[in-house]
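Q: First the structure, then my questions, so here it is.
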Amino acid sequence: MDVQLKRRLEARLGEHLASPLRQRHDETEIRIAPAAVPDVLRLLHDDPDFGFEVLADLSGVDTGTSMEVVYHLWSPATPDWLRVSVIGLSREDPRVPSITFLWQGAEWMEREAYDMFGIVFEGNRDLRRILMPPDYTSFPLRKDFYLADDAARSPGGGVRHMEQTSAPLAPGEALMRRSQA
Amino acid sequence: MTSHRFTSADDPRVTLDEQLGTFEPIPPYPPRTEREAEFYSVGDGEMLVNVGPHHPSTHGVLRVVMKLDGERVVDLDPVLGYLHRGVEKLCENADLHHTIAYLDPLEYVSSLFCEWPAVMAYEKLLGIRVPRRAEYIRVLTGELNRISSHLLAMGFHALDLGGLTPILYSFIERDEIVEMLASITGQRMLFNYFRIGGVNGDLNHEFLSRLGDWMSHALTEVQANQGLLNENELFVRRNRGLGTIDSKTALRMCWTGPNLRATGVPFDLRRAHPYSVYPELDFDIPTRSEGDCLARYLLRIDEIKQSLRIIDQCLHEMPDGPVMAQVPRLMRPRPGRTFAAVEAPRGEYGVFVISDGTDQPFRFRIHDPSFLHLQSFPLLVPGNLLADWMAINASLDPIMGGVDK
Amino acid sequence: MSLIPGTGMVKGMALTLRRFFQPKVTVRYPEVPANVAVKFRGRLQLLHDENGALKCETCFQCAQACPVECIDMGGVDTKGRFHVHWGAAETYGERREESALRRAGRPVPDPSHERFPAVDVALVDEILEAHDHDPARMLQILEAVQAAFGHLPVGALKRVSERSGADYARIYGTASYYHHLRVGPVESPSTGANPAALADADYLAAIAAAAGGASRAAG
Amino acid sequence: MAVVARAWGRLTIPGKVLFTVLPLLLALGLALAAVVGLFGGAIVDLAVQYGEVVRFLASATIILLITIPTAFLIIFMEMKIIAFMNLRIGPDRVGPWGTLLSVVHGLKVLMKEDFTPSGADSLVFTLAPVVVYGASVMTLLVIPFAPGLFAQDFNLGLLYFFAVGGLSVVGLMMAGWSSFNKYSLLGGLRSAAQMVSYEIPLTLSVVGLLLLAGTMSLNQFVENQSGWFTNWYIFQQPLGFVIFFIAMTAEANRTPFDLTEADSEIVAGFATEYSGMRFGFFFFAEYVNVFIVSALTVVLFFGGWNAPFPFPELSVALDPGGLGIWLLVGIALGPVVGTLILAAPFILLRSTMPIWQALVAGFVLLNALVVGLVLAWAFISFEWVAGLLWFLGKTYAFVFTFVWMRGTLPRIRIDQLMGFAWKWLLPAALLNLFVTAGAILVVGR
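Chains as they are written, first to last, in this note's numbering: chain E, 3 to 183; chain S, 2 to 406; chain H, 696 to 914; chain P, 46 to 490.
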């Protein structure tokens with residue numbers, strides 16, 4: 003637990019924090035609203051005080067009631083992992099600004115989060131399915147994607163569980179709308 | 002261009018021909034993003050070629066659609082998911098112990114590094130202190146696994162450039178390592194050895210005698226076999242200056258591991274975010290400044306030497322004691338979130354776990370480094386030849402099992 | 696690369712030529728038996744001895760060692776001995792079913808809560824969330840619970856135990872050690888019969904009935 | 046009729062084959078006998094009249110036939126040598142030390158499905174392997190194997206060799222274009238670019254040799270190099286040899302220049318869509334090419350069939366008739382006595398060995414000894430046997446070198462390949478030519 007980091011984060015990001023900062027083990031967690039993502043991450047990335055240059059992970063989370071996007075950052079200035087949770091995305095239309103302008107490599111991780119959760123990253127130039135087939139319609143890591151018990155245990159002997167829940171969301175303004183015919 | 006030799010509507014061969022159609026890599030649906038639309042509009046004199054999913058040098062089932070102008074690559078679009086098994090979903094529906102077994106086949110040439118971050122994350126969640134001997138055993142087996150993985154990577158690098166022999170020399174050494182790991186873990190590839198709170202079984206005599214034999218000649222053998230390639234003009238000329246990336250871009254592309262260190266950034270989680278007993282061990286972080294395929298290749302040799310140093314120290318400093326902590330039978334970590342990452346042979350292998358207080362993880366996120374290295378193809382490859390893609394791909398050393406999860 | 700072009704290649708050729716005459720490492724598999732690791736894990740299977748009898752002694756050690764309780768002894772063979780099941784055992788399946796229900800957002804029947812007067816679990820969860828589910832801060836959690844409920848209801852303690860990972864016995868010990876924490880409700884004669892006490896009484900009555908029935912059956 | 050059909054139905058498959066093949070053979074033999082009986086004299090007259098034509102037909106047939114075992118042998122050598130260099134054992138299951146594995150490979154490609162992709166130009170697709178294989182075999186016609194043992198000695202031999210050898214690129218292009226596959230197309234175009242680029246340094250590197258030898262007949266080349274090994278052209282044209290060797294490797298599509306079928310890049314290049322015996326033709330042509338390239342190197346630079354030193358004139362005067370009755374006695378008793386004598390050391394020295402094993406060992410030893418003696422006698426007595434052995438020995442040394450290179454070196458890149466040909470090999474070949482011409486002017490031939 004890096005108390006110094008906690009003080010600095012609270013001082014610099016005070017107005018962006020959506021809930022109190024938490025620390026446990028070697029992790030420091032801040033929670034922010036979706037609209038604050040570009041500002042906060044730009045500050046964390048660019049500011050020499052923080053210097054979070056390494057994006058260790060980008061992950062989508064479905065809490066069952068809302069969606070989250072979780073970034074893990076690493077900086078030489080602190081022994082902690084910094085976890086930035088973007089909370090309060092609606093499950094019906096989760097949208098969050100893309101951070102590909104900071105880390106171009108986040109593009110595929112955002113694509114994966116879109117693929118698995120349907121979270122739309124606004125500003126990602128190539129937001130399409132990556133692991134699932136392009137004509138797949140549901141989002142498998144959402145909690146309402148019910149993975150039948152047998153299917154988890156015995157491959158092949160289980161239940162077919164392909165496309166279950168909702169139709170895919172439109173991936174933002176970047177979508178090229180072309181009619182099929 | 003399809004030619005139908007059969008005209009009878011009843012002939013099954015005709016339907017087969019029609020189903021296959023022309024073998025165009027252009028997808029049969031309208032493009033969904035600007036990038037896709039731009040890529041799949043083929044210009045004058047360009048052609049699209051499917052490299053993979055069944056191609057000798059795609060390291061698994063990677064499919065890359067290449068836009069070629071002659072032999073020169075104009076653009077390329079990696080298509081993933083041919084090996085997608087939904088491991089994250091499976092882990093979210095499995096017991097904490099079960100998840101470890103699911104993780105093994107991800108990076109199947111370095112399985113221990115897939116288990117490691119998961120058990121680290123669970124130990125953090127459960128507040129378990131791992132015995133020191135278990136930590137030493139983890140480091141020892143992990144570094145052995147790193148060597149075997151690097152050897153394989155270097156061998157396949159040569160194989161993708163047409164050299165038949167280095168891969169087999171690599172396999173000789175790798176087989177020694179794999180056999181000795183099998184003697185303590187029970188399996189040759191999918192070890193399933195790390196447990197929450199320690200490791201599954203102590204070192205045994207067979208392992209130690211094999212390791213001793215191997216350590217006595219490992220470095221000389223590896224170096225002698227590298228003489229086949231390191232000075233070979235054909236190999237060096239094909240790799241030098243190819244797929245060059247600078248450190249800034251590499252960081253922006255979220256690169257980690259040897260590929261990032263080959264650009265000059267000494268980012269190694271064993272030092273950058275120390276875990277296990279690495280702070281007590283003495284080793285260097287080799288870096289190179291060129292950032293090209295040759296640097297990535299040579300850096301792996303340096304890493305093998307450092308790993309041998311670590312193994313040597315582990316053997317000398319290993320304390321006695323138990324190899325498993327006292328852990329409850331039924332593990333219900335308290336609700337919370339945790340992130341753990343280790344320095345795998347390909348970079349930072351991370352696991353992000355959310356626990357909701359049950360015996361199953363609520364969210365289990367696997368962060369695979371190869372996934373991010375593959376992403377950089379459109380930066381590295383265009384402008385080079387088709388054959389250069391094989392060299393770049395081999396030097397990035399992706400494992401598709403981990404990429405596709 | 697050296698000054699004279701081609702030396703690297705010549706060195707490589709020299710290496711392969713040297714290897715050409717070295718002893719080979721190939722193991723001729725069917726003639727030379729493969730090396731099976733000591734801890735080799737194959738398929739779980741019960742072996743028969745040369746007389747055709749099961750080697751399994753039904754010692755239950757495997758079932759006890761299994762971390763996820765997926766091995767269980769059950770069923771009877773022709774000699775009146777147990778079989779080993781691998782795969783889903785009954786208890787294990789129940790736990791799987793429970794988690795599957797939870798994932799699907801359906802109510803999970805939890806027998807450990809039904810025996811006690813219901814408490815507002817959401818309130819407890821809020822308190823726990825505020826204290827980060829940390830068992831090291833148990834005293835503060837318990838104080839907050841007492842502030843919320845007026846005393847420490849058993850259901851709330853069970854909830855705290857389940858969510859924070861601390862043993863119920865330890866929490867109960869903490870709660871009963873400090874004088875300012877009250878495990879039972881404050882006696883208030885004006886409210887008449889305590890509903891919680893009623894529920895407890897019902898439960899005890901049911902237990903007694905069940906035990907009586909059992910003893911009757913045994914007798 | 047029904048009786049015949051029922052009898053036929055009862056036959057097993059080998060029986061059916063036998064009953065089909067045997068009458069055919071019988072009919073053919075009878076027809077041959079009839080032809081010989083009726084027109085025998087006329088045929089002999091014709092053969093005498095057109096001796097050259099008959100000789101050519103016979104030698105072309107023989108050469109066509111020996112390419113197959115040659116390819117088998119080189120395939121086996123490649124499997125085994127590369128395996129040994131990889132510290133593997135290599136093939137060891139079929140035949141002694143796996144020697145029959147390449148024959149099994151040959152049978153395998155014969156039995157595979159002959160497949161034509163639906164978009165392919167089937168005529169060109171079928172013709173391409175024929176062209177490639179034909180070009181390879183035709184170049185063998187001018188190679189002199191031994192004194193008097195060549196298909197055709199003709200005074201433009203070298204030119205013919207390069208002209209016909211260059212034909213194979215047409216076949217590769219045909220294969221690449223007609224397969225309806227982008228990898229095949231890339232492979233075909235690569236082969237065209239590579240062959241065209243390397244033809245030039247290849248031809249130029251030999252021009253110096255032509256100035257020295259003053260002939261294009263390969264026989265004449267060999268005869269020019271007789272005597273001590275210092276007469277070999279390698280010592281007069283070392284640079285020419287290096288250029289020739291590199292360019293020949295590229296011409297034969299061998300590692301490190303095997304770009305046309307670079308398996309890790311373009312799957313199998315021009316041969317991607319081929320299967321069965323059509324692929325077999327490509328495969329055999331590649332290995333026949335290795336033999337041809339080695340043979341030409343030996344003929345041009347290493348003295349062909351000549352021994353590296355003037356072999357002392359020995360003559361073994363064998364007159365079996367002079368022995369009289371002892372000849373019969375020797376034939377009758379020789380093997381028995383020889384076996385016993387050679388088995389004696391086994392019996393005496395290794396008491397654990399059963400007698401019959403010792404006898405078998407003695408018999409095998411005797412056979413080896415006799416075969417060796419006969420070979421030595423033939424080597425001494427017949428010039429062509431000695432020449433053939435020297436020639437094959439040198440040629441297979443070069444085959445070994447090619448396989449060795451394949452086992453060691455990675456592949457070169459296409460642009461480096463072309464750059465190497467045009468920037469280095471071509472100027473070097475020109476330099477070699479000028480230096481040779483100048484030396485001839487100064488020193489005289």
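Positions of the beta carbon are idealized from the N, C-alpha and C atoms, including for glycine.
Source: prediction; values computed, not measured.
1) I need the boundaries of the alpha helix (DSSP H) containing P/Trp435, first residue and last residue.
2) Using Cβ-Cβ distances below 8 Å, what residues of the segment 206-232 of chain S are close to chain P?
3) So what does S/Phe195 bridge to, in DSSP terms?
4) Let me check one thing: in DSSP terms, what residues is S/Asn51 bridge-paired to?
5) If you drop the 5 nearest sequence neighbours on each side, which residues of the same chain put their C-beta closer than 8 Å to that of P/Val177?
6) Grouping DSSP H, G and I as helix and E and B as strand, with all else coil, what is S/Met325?
7) Name the residues in the segment 283-305 of chain S whose C-beta lies less than 8 Å from a C-beta of chain E; which are they?
8) Taking only beta-carbon positions, decide if P/Pro301 is within less than 8 Å of chain S.
9) Which of the three DSSP states, helix, strand or coil, is assigned to E/Glu55?
10) As a quick exercise: from S/Ala102, S/Asp96 and S/Gly53, pick the residue whose alpha carbon is nearest that of S/Phe363.
11) The beta strand (DSSP E) spanning S/Tyr350 covers which residue range?
12) Which residue wins for smallest C-alpha separation from S/Pro32, given the options E/Tyr73, E/Phe141, E/Arg130 and E/His74?
13) Go ahead and label P/Trp273 buried or exposed: buried means 16 or more other beta carbons lie within 10 angstroms of its beta carbon, across all protein chains shown.
14) List the residues of chain S that H/Glu821 touches, going by C-beta distances under 9 Å, in chain order.
15) Can you tell me whether DSSP reads E/Gln25 as helix, strand or coil?
16) Within a Cβ cutoff of 7 Å, which residues of the same chain sit near S/Glu39, ignoring the five residues on either side of it in sequence?
17) State the CB to CB distance for the pair E/Arg206 and E/Asp51, rounded to an integer number of angstroms; the pair is presumed to be in contact (CB under 8 Å).
18) Closer than 8 Å by beta-carbon distance: list the chain P residues that pair up with H/Arg959, in chain order.
19) Which residues, taken in chain order from the segment 26-48 of chain E, show a beta carbon closer than 9 Å to some beta carbon of chain S?
20) List the whole-angstrom C-beta distance separating H/Leu823 from H/Ala870, where the pair is believed to meet the contact cut-off of C-beta under 8 Å.
21) Quick check: the Cα distance between H/Thr711 and S/His218, rounded to an integer number of angstroms?
22) Could you please give me the residues that DSSP links to E/Ile34 through a beta bridge?
23) Contact defined as beta carbons within less than 8 Å: I believe P/Ser236 pairs with P/Phe315. What is the distance between those atoms, to the nearest angstrom?
24) Whose C-alpha, out of E/Leu7, E/Leu46, E/Val39 and E/Pro142, is nearest the C-alpha of S/Asn94?
25) Since P/Ala297 and P/Val338 should fall inside the 8 Å C-beta cutoff, what is the C-beta to C-beta distance between them, to a whole number of angstroms?
26) Does DSSP classify S/Tyr276 as helix, strand or coil?
27) Can you find at least 3 beta carbon pairs, one from the segment 389-396 of chain S and one from the segment 699-716 of chain H, that sit closer than 8 Å?
28) In three-state DSSP terms, what is E/Gly62?
29) Do S/Tyr350 and S/Pro118 have their C-beta atoms closer together than 8 Å?
30) CA-CA distance, S/Asp321 and S/Val352?
31) Under the DSSP definition of a beta bridge, which residues are partnered with S/Leu386?
32) Does the CB of S/Arg73 have a neighbour CB from chain E at under 8 Å?
33) So for E/Trp83, helix, strand or coil by DSSP?
34) For H/Ala729, which of helix, strand or coil comes out of DSSP?
35) Going along the chain, which residues of its own chain have a beta-carbon closer than 8 Å to the beta-carbon of S/Thr186, five neighbours each way excluded?
36) Nearest to P/Phe443 by alpha carbon, out of P/Ser242, P/Trp277 and P/Phe290?
A: Reading off the structure:
1) Counting along the chain, the alpha helix (DSSP H) containing P/Trp435 begins and ends at Glu428 to Thr453.
2) Leu229 and Leu230
3) Looking at the DSSP assignment, S/Phe195 forms a beta bridge with S/Val200.
4) S/Val66
5) Ser213, Gly216, Leu217, Ala220, Phe326, Phe327 and Ala330
6) strand
7) none
8) yes
9) coil
10) Distances from the alpha-carbon of S/Phe363 to those of S/Ala102, S/Asp96 and S/Gly53 put S/Asp96 closest.
11) Gly348 to Ser356
12) E/Arg130
13) exposed
14) Per Cβ cutoff of 9 Å: no residues; H/Glu821 is ~12 Å from chain S at best.
15) strand
16) none
17) As displayed, chain E neither begins before 3 nor continues past 183, which places residue 206 of chain E out of reach and without an answer.
18) Residue 959 of chain H lies beyond the residue range present for chain H, which begins at 696 and ends at 914; the question has no answer from this structure.
19) Within the segment 26-48 of chain E, the qualifying residues are Arg26, His27, Asp28, Glu29 and Glu31.
20) Contact doesn't hold; Cβ gap of about 15 Å is too wide.
21) The C-alpha of H/Thr711 lies about 19 Å from the C-alpha of S/His218.
22) In the DSSP output, where bridge partners are listed per residue, E/Ile34 has E/Leu19 and E/Val88.
23) Right, the Cβ-Cβ distance comes to about 7 Å (below 8 Å), so this counts as a contact.
24) Of the listed residues, the one whose Cα sits closest to S/Asn94 is E/Pro142.
25) 5 Å
26) Three-state DSSP puts S/Tyr276 in coil, outside helix and strand.
27) no
28) strand
29) yes
30) 30 Å
31) S/Arg73
32) no
33) Residue state, collapsed to three classes: strand.
34) coil
35) Close CB contacts of S/Thr186 within its chain, under the 8 Å cut and outside five residues either way in sequence, are with Thr142, Phe192, Asn193, Tyr194, Asn201 and Gly202 (chain order).
36) P/Phe290
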